[in-house]
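Quick mapping for you: the protein sequence lines, in order, are chains U and D.
According to our numbering, the first sequence holds residues 1 to 647 in order.
According to our numbering, the second sequence holds residues 1 to 124 in order.
All residues carry an ideal CB built from backbone N, CA and C; glycine is no exception.
Working notes, beginning with the structure itself.
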Amino acid sequence: MPKGRTTNEASRRNFLKAAGLAGAAAAGAVTPPVAADAFPAAPQPRPKATLPGPRQIAAETMAPADDPVNQSSSGGDYMVDVLKSLGVEYMAINCASSYRGLHEAVINHGGNKPEIITCVHEDIAAHIAQGYAKMDGKPIAVACHGVVGLQHATMGIYNTWCDRVPALIFGGNILEADKRMPGAEWVHSGVDIGQLVREFTKWDDQPASLTHFGESLVRGYRIATTPPMGPVFIALDQELQENPIRDPERLRIPKYEPVIPPQGDAAALAEAAKMLVEAKNPLIICDRVARTPAGMANLVELAETLQCGVIDNYGRMNFPSRHPLNQSFRRALIGQADVILAIEMNDLWGTLTHFRDRIVRTSHPATKPGTKIISLGVHDLFQKSNYQDFGRWQDVDLDIAGDGETSLPVLTEAVRRLVDDGRKAAFAARGEKFAKAHLAMIEQSKIDATIGWDNSPITTARMCAEVYNQIKDEDWSVVGSSIRLSWMHKLWDFKKPHQWNGVSGGSGVGYNLPASIGAALANKKHGRFTLAFGGDGDFMFSPGALWTAAHHKIPILYIVHNNRAYHQEYMYLVAMAARHGRNIETMDIGTTIKDPNIDYATVARGLGAHGEGPITDPKDLAPALSRAITAVKAGGPAVVDVVADPR
Amino acid sequence: MQPKHIVFMALAVGLATVAAFAAARAQDAPNGDAASGKRIYLADRCFTCHGRSGQGGAYNGPTPILAHTALPFDAFKGQIRNPINDMPAYSNAELSDKDLADIYAFVQSLPGPGSPKDFPILNN
Chain U
1 MPKGRTTNEA SRRNFLKAAG LAGAAAAGAV TPPVAADAFP AAPQPRPKAT
51 LPGPRQIAAE TMAPADDPVN QSSSGGDYMV DVLKSLGVEY MAINCASSYR
101 GLHEAVINHG GNKPEIITCV HEDIAAHIAQ GYAKMDGKPI AVACHGVVGL
151 QHATMGIYNT WCDRVPALIF GGNILEADKR MPGAEWVHSG VDIGQLVREF
201 TKWDDQPASL THFGESLVRG YRIATTPPMG PVFIALDQEL QENPIRDPER
251 LRIPKYEPVI PPQGDAAALA EAAKMLVEAK NPLIICDRVA RTPAGMANLV
301 ELAETLQCGV IDNYGRMNFP SRHPLNQSFR RALIGQADVI LAIEMNDLWG
351 TLTHFRDRIV RTSHPATKPG TKIISLGVHD LFQKSNYQDF GRWQDVDLDI
401 AGDGETSLPV LTEAVRRLVD DGRKAAFAAR GEKFAKAHLA MIEQSKIDAT
451 IGWDNSPITT ARMCAEVYNQ IKDEDWSVVG SSIRLSWMHK LWDFKKPHQW
501 NGVSGGSGVG YNLPASIGAA LANKKHGRFT LAFGGDGDFM FSPGALWTAA
551 HHKIPILYIV HNNRAYHQEY MYLVAMAARH GRNIETMDIG TTIKDPNIDY
601 ATVARGLGAH GEGPITDPKD LAPALSRAIT AVKAGGPAVV DVVADPR
Chain D
1 MQPKHIVFMA LAVGLATVAA FAAARAQDAP NGDAASGKRI YLADRCFTCH
51 GRSGQGGAYN GPTPILAHTA LPFDAFKGQI RNPINDMPAY SNAELSDKDL
101 ADIYAFVQSL PGPGSPKDFP ILNN
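Okay, structure coming up:
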């Protein structure tokens, strides 16, 4: 028997013996006075700090006996295998030491799969993931450097959260304090780095073993991609990434099986169908319905079965722009509807209300009294408290929790069963009226678009018309827009699921350029022609995204709607001055981007993209676009700087 | 009366006014200086919401076209002094009646919409 064990057992016996004696003494003693108990005669010995002994000093200062200089496996390799098992195609990064283990493993163990997308800022990486997932339907990974990189990425993660888009966000970290190198590794580490993004991610974890990591990543992927979708965060311990795999025989890749999205209750959908069929003026309003290419077709089928109008808030490619039932620019219909079906609306109250931004803010319903409202969506299945991305409370008459896209075929079938021949005729007559109104809207839009046609700065109508004239015969996909630019949806023929992918979600400026590049990355493998409009203010938040597009040869035509201002704020400041009766002429201070004017084409060229502009004369726009399109077709990004009117 | 009824009534009155007086707008309008109006229109930032060509735009919602407006001067002035919706009000101290007449003359001088048939790329 080893000597040490004898000693330990003897010590344990002595400890028990002493405890037993003490207990017996206590049991037979008279209870002492309270004062005596509070002030013991002899002070109890306190544990003291001890100096490190020679063995401890040796352990911390000398090379260990087993000090290998090579390893044949690493936790990072396993992490890559799990990522590949999920079909994650890309990992957008700004390289950093806190995930150097994973980074090296992706390249050498994974053969650069998931493919590294090099970004010059983590905000760009997160927004690229957002744009990609909306177009491809699948999330990609984003790796952030400890607490510093994660804080850079937060705006992109927040937009992704508000936009209900899946993403896999990683953050490098070193949990064990005695493993951290002095300096940066301390200030880049945290006890709970997920806390930084917990309020705008669906789930987060800090795996403590590789088995734990495997389960976390598969679980996180499932959570992120189950409606309501959203980003998830996983902290990657640096030791876990870099150290050899100790027990490979115990590691396995957990099985991932996609969750069947939650469908609305069949009885509730049947009730909704009854209300819609019996309505005189039913109306559909929608925001983020189409998650997959099937979504638009499902919504078209319902609308055509009912022959009712559809108002699209453009959160996704929900409804064809030239469909006769598309009434998106006839919002007055909300006031005429007797039954409204609202699908995947995040801010239903905002859509059904007239709000006045005056000194005293007031609001009143856009609906007429007695209008029945049906809500169908997953928004209430997952909410958090701090960030108010859910809008004001809206009373509804039938609230169905269920994924809109998944529930639509069931609802349509229920409607179809209720439509007899008499109703069919009435519905057809209703549809005819909508078709005429739709054509009239398009015609009026064309008439309005002619105003100021040859003026400089170029009107936004002319800008959009010139662009469409050159891309209309391509398999185009427009993946970004400047604020309140409505001409595309009025005049262009959006009819394919990939021709639009919504906006930022959180209205956080800086989304448009990198998210558009992310969508272009997803479009690249399909050979689609990707284009986007974006404001000049948004462009300057992260122009470095263009370098990523140039470096990875991501083709995209990017039109800078250059109104030389943060224009929405400019208008608000004018309103503030007018409200006070004070000087309006100085309201360009702090709201405009001039003196000097930024030359976006030169910026683009400096980042490896093709650059055109600034275009101030509308006659110069078509040739500039033509040259830029040629550059895009050659496989890279091109920027056209259009000096345009504000809206 | 609920606020929305007030708004609807105001809109109805406004539209009726437009219909009734559109033909007579030129006669009813005071003489204004279009060149001065253009200067004020740009300096006082009317263009930020209504466009430099008076083509309209967007603030919190769509903003109306002003180029060659059919709105009679009194309705035009009424909207500026006591606007409906989110448009800021401009008092006489900020924009005098003379200023309004000049701006009105300027927006009246702007070419109105043309025929889309004359703009082939609008017909794609």
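| Query | Result |
| --- | --- |
| Contacts of N82(D) in chain U (Cβ-Cβ under 7 Å) | Here the premise fails: no neighbours, minimum Cβ distance about 12 Å. |
| Closest residue to P64(U) among M441(U), R164(U) and R55(U) (Cα-Cα distance) | R55(U) |
| Environment of L625(U) [buried if 16+ CB atoms lie within 10 Å] | buried |
| Beta-carbon neighbours of P457(U), restricted to chain D and to distances below 7 Å | R52 |
| Close-in-space but distant-in-sequence residues of the same chain around H188(U) (CB under 7 Å, 5 per side omitted) | S98, H145, G146, V147 and V148 |
| Enclosing beta strand (DSSP E) for Y90(U) [first to last residue] | Y90 to I93 |
| Residues that A167(U) bridges to, as DSSP identifies them | P231(U) |
| Supposed close pair A167(U), A208(U) - CB separation, criterion 8 Å | The Cβ separation is near 23 Å, so there is no contact. |
| Coil, strand or helix - Y558(U) by DSSP | strand |
| As assigned by DSSP and simplified to three states, the class of D395(U) | coil |
| Residue from G75(U), A133(U), T61(U) and S74(U) whose Cα sits closest to the Cα of L502(U) | Checking the sequence shown, residue 502(U) turns out to be Gly, not Leu. Comparing Cα-Cα distances from G502(U) to each of G75(U), A133(U), T61(U) and S74(U), the minimum goes to A133(U). |
| Contact under 9 Å by Cβ, S407(U) with Q394(U) | no |
| Test item: CB-CB of C308(U) and F434(U) under 9 Å | yes |
| Range covered by the alpha helix (DSSP H) that runs through S516(U) | N512 to K524 |
| Contact set for D454(U): own chain, Cβ-Cβ below 7 Å, skip 5 residues either direction | P618 |
| The segment 496-515 of chain U touching the segment 286-300 of chain U, judged by at least three CB pairs closer than 8 Å | yes |
| Three CB pairs or more closer than 8 Å across the segment 563-572 of chain U and the segment 600-612 of chain U | no |
| Test item: CB-CB of A96(U) and A125(U) under 9 Å | no |
| Residue environment, Y387(U), which counts as buried when at least 16 other CB atoms sit within 10 Å | exposed |
| Sub-9 Å separation of K594(U) and A565(U) beta-carbons | yes |
| Alpha-carbon spacing of R392(U) relative to G350(U), whole angstroms | 7 Å |
| Bridge partner(s) assigned by DSSP for G534(U) | V560(U) |
| Beta carbon proximity, H552(U) to chain D, threshold 9 Å | no |
| Any chain U beta carbon closer than 9 Å to D97(D) | no |
| Cross-chain neighbours of K472(U) in chain D, by beta carbon under 8 Å | N124 |
| Spatially closest choice to R330(U) from G510(U), D536(U), N70(U) and H489(U), by CA coordinates | H489(U) |
| Range of the contiguous alpha helix (DSSP H) that encloses S363(U) | Not the alpha helix (DSSP H): S363(U) falls in the beta strand (DSSP E), residues T362 to P365. |
| Beta-bridge pairing of G57(D) - partner residues as DSSP gives them | T63(D) |
| Beta-carbon separation (whole angstroms), H561(U) vs L485(U), contact threshold 8 Å | 7 Å |
| Spatial distance of G54(D) from A67(D) (CA atoms) | 4 Å |
| Closer than 9 Å to chain U by CB, L71(D) | no |
| Beta-carbon gap between V289(U) and P254(U) smaller than 9 Å | no |
| DSSP-derived helix/strand/coil call for P33(U) | At P33(U), the pLDDT of 48 sits below 50, so the modelled position is not reliable and the matter cannot be decided from this model. |
| Exposed unless 16 or more other CB atoms sit within 10 angstroms - verdict on A24(D) | Because the pLDDT at A24(D) is just 48, under 50, the model does not fix this residue reliably, and the value given afterwards should be weighed accordingly. Looking at its Cβ environment, which holds fewer than 16 other Cβ atoms inside 10 Å, A24(D) is exposed. |
| Chain U contact for Y41(D) (CB, 9 Å cutoff) | no |
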